[in-house]
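Engineer: 246 is the number that this note's numbering gives to position 140 of the sequence shown; each next residue is one higher, with no gaps.
A virtual CB, placed ideally from N, CA and C, is assigned to each residue, including glycine.
Questions regarding the structure given below will be posed in turn.
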Amino acid sequence: MPADSISARPLSSERETARHPDASGLARWLTPSLADVIFCALLLWLILFTIYSDGTVGLLLDSNTGYHIRTGDYILSHRTVPRGDIFSFSRPGQPWFAWEWLSAILFSLCYSAGGFKALVVFSGAIAALANLILMRHMIWSGANALVTIGLLHMVAAASSIHYLARPHLFTFLLLAVSLWLIDADRRRPSGRIWLLVPIAVLWANLHGGFLALLASLAALAVGFALEGQYESARRYALLAVACTAATGANPYGFAVHAHAIPYLQQKWMIRLVQEFQSPQFGSPEGRYFELLLIAGLALSAQLIARKQYASALLILAWAHAALNSVRHIPIFGFVVAPMLVREATVLWNRWNPFPPPGSIRSILAGLAADHTPGLRRSSVWPAALVLSLALFSFGFAWPADFPHGRYPAGLALKHAQLISGSRIFTTDAWADYLTFHHYPRQKIFVDGRSDFFGQEIIEEYLQILKGQQGWDTLMRRYDFNAVLIPSQSALASLLRVTPGWILVDADDQAVLFRR
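Right, dumping it as structure tokens:
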């Protein structure tokens, strides 16, 4: 449905702009809009949760961010990307792809410029911008304000566990842009669709999620072929090939693809890494995903009945991916929302064609008509808010570290000399934290780079942590001389009674041993 097919009463500011075209440029950029309000609300929500939560939610929940900062530091200081491991003593110098190298540089620059505050503002702005683009796409598709805001809320809530200061935020942003370009091209083919090629180049250097673009283009090409639209199928197949070739423009070339695709298919990853596991529908974000999933499957059935196989295949492909791994839930949300919002608006218009004055339907219709234009434009105020947050504190207790309720800040900083100079065993998440604080002196056993360490070392790591049979043999093999682990872990209990290990310090969260 074309965007202008839904009648709407313009807001007073938009009427003034139409009445005075000479002043429209300045007025447009200085007059706040409802889109501005939603962007600012999302940004402040992400920031305030990060600042004032107890460490269970927020942009700094994952200390994997710390290793990205130190990777960026390395690249900036050495003027080259690493070709081998620089963080571990278990696989020193082994071939390693810092495939998110450009994100690492951006994170390093942010942290150098303004510490965690700058990192939080930057990451929050990227996440909010991705949602803003999705919302503008939905409005452009012909939806009204109430339907759009409702669906945006569902997508944001379902994706909320992934709002972390990590490189995948760039996938959300570039996916939102790419899907809008594709949608516009499907309505009216133009040369602008080839902007996906430089986007693919940028994406491949920011995050491995560029594979989502290639998979989506391939799904559309197959879907159009099934519909008998062979010209469109050829167009999107060529786009997929061109974007695939473009993603080789990174420091590691196509070695990134050769590494990433088999890695994503490893069954052991599903068993050991939480973000590769299926969603838990009992969680708050899982319930929102369930609603999106049901609606998306119903829509895909309707699309198949209409023989619109390209759109149906795109929805079903990402629904399948999201059911297999929670990391794909945001992608599914960004894919399904613009298609779902069009159908929801059609149903809205059928339910509410000529509502009687004063009725609830009439009030809702008036709200939708009044506020839809306000979602079609943005002004300078979101950028002004981002800049203001970066420059001023506003009395907020900005974080100076990762959440101390989640990471062993007390012992890690108190015993920094012992920890950083030891062959230490710790959890993978805490290893990222130690790398952030003590690199380059600190070397770790394993960290969050499960793709680098591989199945054998990860399973040995878990064997030691859980105190399973043979744990002590592995400790001797890797010559650990210090251990920093959760105080309630099985290994902590074993080390308390194992000869040759001395308890150095402990608190309610962590315990530190040395040989």
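With a threshold of 8 Å, are at least 3 pairs of Cβ atoms found where one atom belongs to the segment 403-415 and the other to the segment 326-345?
Structural biologist: With a cut-off of 8 Å, the segment 326-345 and the segment 403-415 count as touching, because enough Cβ pairs lie within range.
Engineer: Should the segment 472-479 be called in touch with the segment 246-254, which here means at least 3 C-beta pairs below 8 Å?
Structural biologist: Verdict: yes, contact present.
Engineer: Below 6 Å CB to CB, which residues in the same chain sit around L148 once its five sequence neighbours on both sides are set aside?
Structural biologist: Answer for L148: A234, N237, listed in chain order.
Engineer: Could you tell me which residues DSSP puts in a beta bridge with T532?
Structural biologist: Answer is L590, bridged to T532.
Engineer: Compute the Euclidean distance between the alpha carbons of W309 and R340, then round it to the nearest angstrom.
Structural biologist: When rounded, the distance between both Cα atoms is 23 Å.
Engineer: Specify the secondary structure class of G190 as computed by DSSP and reduced to three states.
Structural biologist: Of the three classes helix, strand and coil, the one that applies to G190 here is strand, per DSSP.
Engineer: Taking the alpha-carbon of V226 as reference, which of P357, P488, W151 has the nearest alpha-carbon?
Structural biologist: Of the listed residues, the one whose Cα sits closest to V226 is W151.
Engineer: Tell me the residue span of the alpha helix (DSSP H) that contains V143.
Structural biologist: Counting along the chain, the alpha helix (DSSP H) containing V143 begins and ends at 140-158.
Engineer: Pull up the CB-CB distance for S526 and R547, whole angstroms please, since I reckon it's below 8 Å.
Structural biologist: So it is a contact: roughly 5 Å between Cβ atoms.
Engineer: Can you find the residues in the same chain that come closer than 8 Å, C-beta to C-beta, to I211, ignoring five residues on each side of it along the sequence?
Structural biologist: Within the same chain, I211 has close Cβ partners G178, I181, L182.
Engineer: Can you give the Cα-Cα distance for P592 and A598, rounded to whole angstroms?
Structural biologist: Cα-Cα distance, rounded: 7 Å.
Engineer: Three-state secondary structure (DSSP) at D291?
Structural biologist: Helix at D291.
Engineer: Should W457 be labelled buried (16 or more other beta-carbon atoms within 10 Å of its own) or exposed?
Structural biologist: Flag for W457 reads exposed.
Engineer: When we look at the beta-carbon of K373 and count the other beta-carbons within 10 Å, is it buried (16 or more) or exposed?
Structural biologist: Exposed is the call here.
Engineer: In terms of alpha-carbon separation, which member of S296, A355, N311 lies closest to S338?
Structural biologist: If we check each option's Cα against that of S338, S296 comes out closest.
Engineer: So for F70, helix, strand or coil by DSSP?
Structural biologist: The chain is shown only over 107 to 621; residue 70 falls outside these bounds and no answer can be derived.
Engineer: By a C-beta neighbour count over all protein chains shown, 10 Å radius and 16 as the cutoff for buried, is E562 buried or exposed?
Structural biologist: Per the 10 Å Cβ criterion, exposed.
Engineer: Would DSSP call V347 helix, strand or coil?
Structural biologist: Three-state DSSP puts V347 in a helix.
Engineer: Near D142, what residues of its chain come up, given a Cβ to Cβ distance below 8 Å and the 5 sequence neighbours on each side ignored?
Structural biologist: Around D142: S484, S485, W487, P488.
Engineer: According to the Cβ coordinates, are F438 and A428 closer than 9 Å?
Structural biologist: In this structure, A428 lies closer than 9 Å to F438 by Cβ.
Engineer: Of the residues W286, G516, G230, Y336, which one's Cα is nearest the Cα of S266?
Structural biologist: Considering only alpha carbons, the answer is G230.
Engineer: Are the segment 498-515 and the segment 152-160 touching by the rule of at least three beta carbon pairs closer than 8 Å?
Structural biologist: The segment 498-515, when compared against the segment 152-160, does touch it at the 8 Å Cβ threshold.
Engineer: So, is G135 buried or exposed, given that buried needs 16 or more other C-beta atoms within 10 angstroms?
Structural biologist: In the sequence on display, residue 135 carries Trp and not Gly. By the 10 Å Cβ count, W135 comes out exposed.
Engineer: Grab me the residues of A490's own chain with a C-beta within less than 8 Å of its C-beta, minus the 5 sequence neighbours each way, in chain order.
Structural biologist: Correct list: empty, nothing qualifies.
Engineer: Check whether the Cβ atoms of S169 and F558 lie closer than 9 Å to each other.
Structural biologist: In this structure, F558 does not lie closer than 9 Å to S169 by Cβ.
Engineer: Is it buried or exposed, T533, if we count other Cβ atoms within 10 angstroms and call 16 or more buried?
Structural biologist: With 16 or more other Cβ atoms within 10 Å, it is buried.
Engineer: What's the call for D585, buried or exposed, on a 16-neighbour Cβ count within 10 Å?
Structural biologist: Burial call: exposed.
Engineer: Using 10 angstroms around the beta-carbon of H434, count the other beta-carbons present and answer buried if the total reaches 16, otherwise exposed.
Structural biologist: It is buried - the Cβ of H434 has at least 16 other Cβ atoms within 10 Å.
Engineer: Judging by CA-CA distance, which residue of R197, G131, I175 is the nearest neighbour of I550?
Structural biologist: Nearest C-alpha to I550: R197.
Engineer: Give me whichever residues DSSP pairs with R298 in a beta bridge.
Structural biologist: Answer is none; R298 lacks a bridge partner.
Engineer: Tell me A612's beta-bridge partners as DSSP assigns them.
Structural biologist: Looking at the DSSP assignment, A612 forms a beta bridge with V617.
Engineer: Distance check for L497 and A129, CA to CA, integer angstroms please.
Structural biologist: Note that A129 scores a pLDDT of 47, beneath 50, so its modelled location is shaky; the value from the coordinates is reported in the next line. Straight-line Cα distance between these residues: approximately 31 Å.
Engineer: Between the C-alpha atoms of N430 and E396, what's the straight-line distance to the nearest angstrom?
Structural biologist: One C-alpha to the other measures close to 13 Å.
Engineer: Quick check on DSSP: helix, strand or coil for P436?
Structural biologist: The answer is helix: DSSP assigns P436 an H, G or I state.
Engineer: If we call anything under 9 Å between Cβ atoms a contact, is L580 one with Q594?
Structural biologist: No.
Engineer: Could you check if Y173 is buried or exposed, using at least 16 other CB atoms within 10 Å of its CB as the buried criterion?
Structural biologist: Y173 comes out buried.
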